[in-house]
Every structure is written in structure tokens, then in C-alpha cells.
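111 is the number that the numbering used here gives to position 95 of the sequence shown; each next residue is one higher, with no gaps. Quick reminder that beta carbons are idealized off the backbone N, C-alpha and C, glycines included. On a predicted model such as this, the values are computed, not experimentally measured, just so you know.
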Amino acid sequence: MSPSGLDIPRRRILRVYDRQAALQSTSEPVAGLEHPVVWRPSGNLIVGTQRFGFEGGGAGKEGRHDVVFFERNGLRHGEFGVRVGDSGLKFGARDGLEGEKSRKWGYKVRELCWSSDSNVLGVWIERDDCDVGTISVFLLFFHV
Numbered sequence: 017m018s019p020s021g022l023d024i025p026r027r028r029i030l031r032v033y034d035r036q037a038a039l040q041s042t043s044e045p046v047a048g049l050e051h052p053v054v055w056r057p058s059g060n061l062i063v064g065t066q067r068f069g070f071e072g073g074g075a076g077k078e079g080r081h082d083v084v085f086f087e088r089n090g091l092r093h094g095e096f097g098v099r100v101g102d103s104g105l106k107f108g109a110r111d112g113l114e115g116e117k118s119r120k121w122g123y124k125v126r127e128l129c130w131s132s133d134s135n136v137l138g139v140w141i142e143r144d145d146c147d148v149g150t151i152s153v154f155l156l157f158f159h160v
């Protein structure tokens, strides 16, 4: 609850600075934008993950999870869904898991990374039920 008594959803804002630390652009507030955020080596895209369908998250289908793209001017450029069904992941934490390891969805995107030539995006998904994560690799064929 905020001090004013209103529930204000938590949203993240992307800010892009130049080499002299001068603000270049600011994105609109993005509900549900998660921790992993990476800059494409070619410099034209910023990538993050966004969850939907929970209080404070993006408005949408419960459990939806997207990889989202932003241009360096802060505008949303596109997205695609994290395909948890393809990797054998299931929603919902397992019974008996304690502490930090127990998450609502049973997994989290731990890290995003680009290949050095900016053509391949890797998504590291960490599951609750085992120590081994899944790496999904996406070849991107669009240009900004």
C-alpha cells in the first residue's frame, strides 16, 4: 500500500544514457518487466522479459511470459512468448520447495545473452525442480 492509500502497480522504466552520462531517451513505464535486461551488441535493441496476469504485472493472460524488445529511443519494438511447454517446464511451484527456490511459476528467466554478431539470442531458464537450467536459442531475422 502506498502512503497515499492507493495501490500503485510497480513498473520499470528504461533510460538510455550516452557516454558522457547525458540522458538520451526514456521508455514508457513497463509493468512486469523483470530483472534480466541486455543490450544487443550492434547497439540497436534492448531486450528484457515481461510477465503478465498478476498484481503489478502486465495486463494479460495469467502466466504469459514474453521476451520483449525496445529500440534505443525507448519505444517498444516487439516481443515473442517464452515457450515453457517446449522445454518441459510446467507452471506452479512444486510442493516441498523452501525459500527462494519456490516460485509461483516453477521457473524464472535467469539470464539473456546475445552472440557477438547480434544474430542469436540465448535465454537461460532456471527451473525449481532441478539444478540444471534450459538454454533456448533464438535466431533473429529482423533489422531495426
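- Straight across, the Cα-Cα distance linking residue 38 with residue 58 is about 20 Å.
- Assignment of residue 121 by DSSP, reduced to helix, strand and coil, places it in the coil class.
- According to the DSSP assignment, residue 98 belongs to no beta strand (DSSP E), since it is labelled neither H nor E.
- The continuous beta strand (DSSP E) containing residue 82 extends over residues 81–87.
- Here residue 78 carries a coil assignment [DSSP, helix/strand/coil].
- The beta-carbon distance between residue 65 and residue 52, rounded to whole angstroms, is 6 Å. This is short enough to meet the 8 Å contact definition.
- Going by DSSP, residue 39 is part of the beta strand (DSSP E) stretching over 39–42.
- In this structure, residue 54 lies away from residue 85, with their beta-carbon atoms at least 7 Å apart.
- Cβ-Cβ distances below 7 Å link residue 142 to 123, 124, 126 and 149 in the same chain, with the five nearest sequence neighbours on each side left out; the list follows chain order.
- Check the Cα spacing between residue 28 and each of 134, 96, 78 and 90: the tightest is with 90.
- It is roughly 23 Å from the alpha-carbon of residue 30 to the alpha-carbon of residue 154.
- Residues 130, 153, 154, 155 and 156 of the same chain have their beta carbon placed closer than 8 Å to that of residue 136, with the five preceding and five following residues left out of the count.
- Within the same chain, 32, 40, 41, 59, 60, 61 and 62 come within 8 Å of residue 88 by CB-CB distance, once the 5 residues on both sides are set aside.
- C-alpha of residue 80 to C-alpha of residue 94: approximately 15 Å in a straight line.
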